[in-house]
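If you're matching positions, the sequence shown starts at 70 in the working numbering and goes up one per residue.
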Amino acid sequence: MKATKAVIPAAGFGTRFLPATKTVPKEMIPLVDRPLIHEVVMEAVRSGIDRLVLVTAAGKSSIEDYFDINPALERFLEEKGKGEILEEVRRISRMVEVLAVRQKEPRGLGHAVLCARDLVGAEPFAVILPDEIMDSEIPCLMQLDALFSRTGQSVIGLQEVPRSETGKYGIIDGDPEQGGAYRVRGVVEKPDPAKAPTRMAVIGRYLLAPEIFPILENLPPGAGGEIQLADALDILARRGELAGQVFQGTRHDAGDKLGFLMATVHYGLKDRRLGPPFLRFLREKISSLGEK
Ligand code: G1P
Numbered sequence: 070m071k072a073t074k075a076v077i078p079a080a081g082f083g084t085r086f087l088p089a090t091k092t093v094p095k096e097m098i099p100l101v102d103r104p105l106i107h108e109v110v111m112e113a114v115r116s117g118i119d120r121l122v123l124v125t126a127a128g129k130s131s132i133e134d135y136f137d138i139n140p141a142l143e144r145f146l147e148e149k150g151k152g153e154i155l156e157e158v159r160r161i162s163r164m165v166e167v168l169a170v171r172q173k174e175p176r177g178l179g180h181a182v183l184c185a186r187d188l189v190g191a192e193p194f195a196v197i198l199p200d201e202i203m204d205s206e207i208p209c210l211m212q213l214d215a216l217f218s219r220t221g222q223s224v225i226g227l228q229e230v231p232r233s234e235t236g237k238y239g240i241i242d243g244d245p246e247q248g249g250a251y252r253v254r255g256v257v258e259k260p261d262p263a264k265a266p267t268r269m270a271v272i273g274r275y276l277l278a279p280e281i282f283p284i285l286e287n288l289p290p291g292a293g294g295e296i297q298l299a300d301a302l303d304i305l306a307r308r309g310e311l312a313g314q315v316f317q318g319t320r321h322d323a324g325d326k327l328g329f330l331m332a333t334v335h336y337g338l339k340d341r342r343l344g345p346p347f348l349r350f351l352r353e354k355i356s357s358l359g360e361k
């Protein structure tokens, strides 16, 4: 993996999950027993990333605490003989180094990435949107890295979406090549279905060359008056410096309430202990609904 750092934008208010997000950062809402951010950080670590650059805001310090060592909790678990969970708690606090920077105003995803510039430096880096949760044998970022290493170009993760949903995503214009790779000619943020150039959506995983920073720095506000990462990607694409890779695996948009419920079912069923009784419960539930 060329990139060693992953930027995780986590400064938003999480308005779609209010009132819970009035006091709990969206990134800390759990899927079964692991916060959303845990899942995406595991993906990064499995891909070879060892440093996170969290872009945070006021009220978000529990995210940093989650990846920090908690000596009192570790002592408590040790004394109580709770070895298994102690091991997991220890692993989480030692698996990755966390750097953090504040995004002082909500000026958009592109602006959030620009806030990470000094901590990233002049090297390739990953960007992970923590409400998109990927489950795959080969971690999503690693799938992107194969193309990044081959072409030297920035690479974005892609997935085909129904035409009715193009207004929820960055959508590319481009041509398919071999092995799920795309030559990207342009990127447009959240187009109406009638205007979308393709149905290939940007799914919140990016491997970027540092050349993106001066582009972001000079970008005027775009859709919604915000500095859009998609607009910077569009400039890279027009220069012929952007590739796409179709993600092989299961994706859940846990930033959306229905997507979050679906992700909960997915991870609940995958859980070694909870999976079988949860499946029995779901079957009974569905058959009792069918009787009505
Ligand atoms: C952001 C990006 C968009 C991307 C999407 C993936 O939008 O701006 O290009 O397709 O994430 O989830 P958001 O969902 O933050 O509105």
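Just so you know, even glycine gets a beta-carbon here, dropped at the ideal spot from N, CA and C. In this text the structure is predicted, and so the values were computed from the model without any measurement.
Pairwise C-alpha distance: residue j and residue i
| i | j | result |
| --- | --- | --- |
| Ile-281 | Leu-305 | 8 angstroms |
| Lys-91 | Arg-219 | 44 angstroms |
| Leu-277 | Gly-190 | 12 angstroms |
| Ile-138 | Gly-221 | 37 angstroms |
| Gly-243 | Ala-265 | 12 angstroms |
| Pro-260 | Val-253 | 16 angstroms |
| Asp-322 | Ile-98 | 13 angstroms |
| Asp-134 | Val-122 | 14 angstroms |
| Ala-75 | Ser-356 | 44 angstroms |
| Ala-393 | Pro-175 | Summary: the structure shown does not reach residue 393, with the chain confined to residues 70 through 361, and so no result is reported for it. |
| Gly-255 | Arg-320 | 23 angstroms |
| Pro-339 | Thr-267 | It is worth fixing the name first, because residue 339 is Lys in this sequence and not Pro. Looking at the two C-alpha atoms, the distance is approximately 33 angstroms. |
| Glu-153 | Gly-344 | 19 angstroms |
| Tyr-336 | Gln-172 | 31 angstroms |
| Asp-102 | Val-230 | 29 angstroms |
| Ala-215 | Gly-150 | 43 angstroms |
| Met-331 | Val-110 | 20 angstroms |
| Tyr-238 | Leu-348 | 32 angstroms |
| Val-93 | Ser-162 | 20 angstroms |
| Arg-160 | Gly-81 | 27 angstroms |
| Ile-207 | Arg-120 | 20 angstroms |
Cβ-Cβ distance between residue i and residue j below 8 angstroms
| i | j | result |
| --- | --- | --- |
| Ile-240 | Met-269 | yes |
| Ala-169 | Tyr-251 | no |
| Val-114 | Ala-79 | no |
| Gln-212 | Phe-316 | yes |
| Leu-105 | Ile-202 | yes |
| Ile-284 | Gly-226 | no |
| Gly-373 | Arg-85 | The question about residue 373 has no answer, for the chain in this structure spans 70 to 361. |
| Glu-258 | Gly-291 | yes |
N-terminal and C-terminal residue of the beta strand (DSSP E) that residue i is part of
| i | result |
| --- | --- |
| Met-70 | Taken as a continuous stretch (DSSP letters only), Met-70 belongs to no beta strand (DSSP E), as it is neither H nor E. |
| Tyr-251 | 250–258 |
| Met-203 | 201–204 |
| Arg-320 | 319–322 |
| Leu-311 | 311–315 |
| Glu-143 | Careful: Glu-143 lies outside any beta strand (DSSP E), inside the alpha helix (DSSP H) at 140–148. |
| Ile-21 | Within the shown structure, residues of the chain are numbered from 70 to 361, placing residue 21 beyond reach of any answer. |
| Phe-194 | 194–197 |
Distance between beta carbons of residue j and residue i, contact taken as under 8 angstroms
| i | j | result |
| --- | --- | --- |
| Glu-286 | Leu-178 | Rounded, the Cβ-Cβ distance is 15 angstroms, inconsistent with contact. |
| Arg-232 | Pro-199 | So it is not a contact: roughly 27 angstroms between Cβ atoms. |
| Ala-195 | Tyr-275 | 7 angstroms |
| Glu-112 | Cys-209 | 6 angstroms |
| Ala-89 | Ile-118 | With a Cβ gap of about 28 angstroms, Ala-89 and Ile-118 do not count as contacting. |
| Thr-333 | Leu-146 | At roughly 26 angstroms, the Cβ-Cβ gap does not stay under 8 angstroms, so Thr-333 and Leu-146 are not in contact. |
| Ser-205 | Gly-328 | About 17 angstroms separates the two Cβ atoms, so there is no contact after all. |
| Glu-143 | Val-167 | With 8 angstroms as the limit, Glu-143 and Val-167 do not qualify as a contact, their Cβ atoms being about 18 angstroms apart. |
| Glu-192 | Pro-279 | 6 angstroms |
| Ser-223 | Glu-353 | With 8 angstroms as the limit, Ser-223 and Glu-353 do not qualify as a contact, their Cβ atoms being about 48 angstroms apart. |
| Gln-314 | Gly-249 | 6 angstroms |
| Ser-116 | Met-70 | 6 angstroms |
Exposure label - residue i; buried when at least 16 CB within 10 Å
| i | result |
| --- | --- |
| Lys-326 | exposed |
| Asp-187 | exposed |
| Ile-197 | buried |
| Arg-342 | exposed |
| Pro-289 | exposed |
| Glu-96 | buried |
| Gly-128 | exposed |
| Glu-12 | The requested residue 12 is not part of the displayed model; the chain covers only 70 to 361. |
| Phe-217 | buried |
| Ala-141 | exposed |
| Leu-298 | buried |
| Phe-350 | exposed |
| Leu-302 | buried |
| Ser-130 | exposed |
| Asp-300 | buried |
| Pro-346 | exposed |
Unbroken alpha helix (DSSP H) run spanning residue i, endpoints
| i | result |
| --- | --- |
| Glu-286 | 281–286 |
| Ser-162 | 152–163 |
| Gln-212 | 209–220 |
| Thr-125 | That residue, Thr-125, is in no alpha helix (DSSP H); its beta strand (DSSP E) goes 120–125. |
| Ala-113 | 105–115 |
Contact test: residue i Cβ vs the ligand ATP heavy atom, cutoff 7 angstroms
| i | result |
| --- | --- |
| Pro-346 | Among the ligands modelled here, namely the ligand G1P, the ligand ATP does not occur. |
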